[in-house]
Amino acid sequence: MFHPIHNGTNHFVPTQTQTPNLNLMLHPYLTPLFTRASFRSLTMSLLHSNPNPIKTRIRGVVFDMDGTLTVPVIDFPAMYKAVLGKDQYFKIIGSSPSGIDILHHIEQWSPDKQQKAYEIIADFEQQGLDRLQIMPGAADLCDFLNSRNIRRGLITRNVKSAVDLFHEKFGMSFSPALSREFRPYKPDPAPLLHICSTWGVEPTEVVMIGDSLKDDVACGKRAGAVTCLLDETGRYDSPKYANVEHKPDYKVSSLAQFHLLLESNFDLTP
Numbered sequence: 001m002f003h004p005i006h007n008g009t010n011h012f013v014p015t016q017t018q019t020p021n022l023n024l025m026l027h028p029y030l031t032p033l034f035t036r037a038s039f040r041s042l043t044m045s046l047l048h049s050n051p052n053p054i055k056t057r058i059r060g061v062v063f064d065m066d067g068t069l070t071v072p073v074i075d076f077p078a079m080y081k082a083v084l085g086k087d088q089y090f091k092i093i094g095s096s097p098s099g100i101d102i103l104h105h106i107e108q109w110s111p112d113k114q115q116k117a118y119e120i121i122a123d124f125e126q127q128g129l130d131r132l133q134i135m136p137g138a139a140d141l142c143d144f145l146n147s148r149n150i151r152r153g154l155i156t157r158n159v160k161s162a163v164d165l166f167h168e169k170f171g172m173s174f175s176p177a178l179s180r181e182f183r184p185y186k187p188d189p190a191p192l193l194h195i196c197s198t199w200g201v202e203p204t205e206v207v208m209i210g211d212s213l214k215d216d217v218a219c220g221k222r223a224g225a226v227t228c229l230l231d232e233t234g235r236y237d238s239p240k241y242a243n244v245e246h247k248p249d250y251k252v253s254s255l256a257q258f259h260l261l262l263e264s265n266f267d268l269t270p
């Protein structure tokens with residue numbers, strides 16, 4: 001097994017201490033960064049040294065919703081500024097490279113101030129629901145997981161009504177599907193551990209995928225799951241994310257690449 005990392009050019013490259021999966025490396029849409037001669041030499045070496053690499057068993061996949069299963073439409077920086085005020089926003093973002101945990105900050109406030117903040121958030125979230133779109137590749141990925149009898153769960157910091165609308169609008173079933181009404185919410189590992197317990201599987205047999213280092217990857221890492229960061233634009237390639245506490249095991253730029261990763265690198269056995 002190897003943990004591919006993204007180098008900003010839609011390529012996967014292996015880390016120095018891990019063994020590449022040849023099926024993934026040979027895929028035409030994920031051309032590795034090797035010359036023909038060096039790749040052939042590496043391939044032969046790997047085949048002789050590890051002809052039957054053991055794949056990690058995966059029995060379930062847990063998804064984030066906003067920005068993962070759905071196209072990101074909420075302007076989070078604008079929402080944070082509206083809740084915190086511009087000065088406080090820039091102060092916090094300067095000291096928190098992985099992002100702002102807005103719900104955590106709100107919980108420290110007085111009830112009246114909390115209510116006003118949640119009203120602002122609800123307004124932004126409603127605007128997002130009005131423009132809700134399924135992420136490209138999500139339907140095919142769900143069909144693939146269904147064909148393998150792999151469970152699908154969902155964890156979001158959005159509200160339950162948003163999850164209900166998602167299920168109703170797109171006809172995809174995720175169970176359990178936990179919204180922010182489930183406490184404690186991510187990045188605490190409790191929601192993911194709850195899903196694992198409900199399924200009767202170990203966290204190591206689950207992949208957590210999302211578009212947030214601070215919420216999705218942190219939740220997965222703390223629970224002991226395999227983690228995958230969905231980074232469509234390559235924004236997490238920025239040096240400011242180099243020293244974050246929780247780094248993903250895998251990084252992809254689309255759900256189609258995640259589909260390929262699951263199929264090529266894991267033993268998908270329910």
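Mapping the sequence shown onto full-length UniProt numbering, position 18 (from 1) lands on 18, and the numbers just tick up by one. For every residue, glycine included, the Cβ atom is placed at its ideal position computed from N, Cα and C. Here the structure is a predicted model, which is why all the values come from computation and not from measurement.
For residue j and residue i, the rounded distance between their alpha carbons
i	j	result
residue 204	residue 60	10 Å
residue 213	residue 249	11 Å
residue 79	residue 216	19 Å
residue 225	residue 159	24 Å
residue 167	residue 237	32 Å
residue 128	residue 54	42 Å
residue 227	residue 156	16 Å
residue 242	residue 89	21 Å
residue 122	residue 257	32 Å
residue 193	residue 239	31 Å
residue 56	residue 265	8 Å
residue 142	residue 102	30 Å
residue 270	residue 138	20 Å
residue 259	residue 207	12 Å
Beta-carbon proximity of residue i to residue j, cut-off 7 Å
i	j	result
residue 277	residue 219	Only positions 1 to 270 of the chain appear in the structure, and residue 277 is not among them; the question remains open.
residue 353	residue 211	There is simply no residue 353 to check, as the chain begins at 1 and stops at 270 in what is shown.
residue 124	residue 58	no
residue 106	residue 100	no
residue 145	residue 63	no
residue 148	residue 261	no
residue 120	residue 163	no
residue 189	residue 182	no
residue 150	residue 176	no
residue 71	residue 133	yes
residue 292	residue 135	Nothing in the structure corresponds to residue 292, since the chain is present only between 1 and 270.
Environment of residue i [buried if 16+ CB atoms lie within 10 Å]
i	result
residue 152	buried
residue 197	exposed
residue 140	exposed
residue 130	exposed
residue 233	exposed
Heavy atom of the ligand SAM within 6 Å of residue i beta-carbon
i	result
residue 195	Looking at this structure, you won't find the ligand SAM or any other ligand, since it has none at all.
Which residues DSSP lists as bridging residue i, in chain order
i	result
residue 66	70
residue 154	63, 177
residue 268	58
residue 209	63, 228
Contact with chain C by residue i, beta-carbon distance below 7 Å
i	result
residue 195	No chain C appears in the structure shown, which is made up of a single protein chain.
Entirely within the segment 214 to 252 and at least 4 residues each: give me those alpha helix (DSSP H) ranges in chain order.
You should have 218 to 223.
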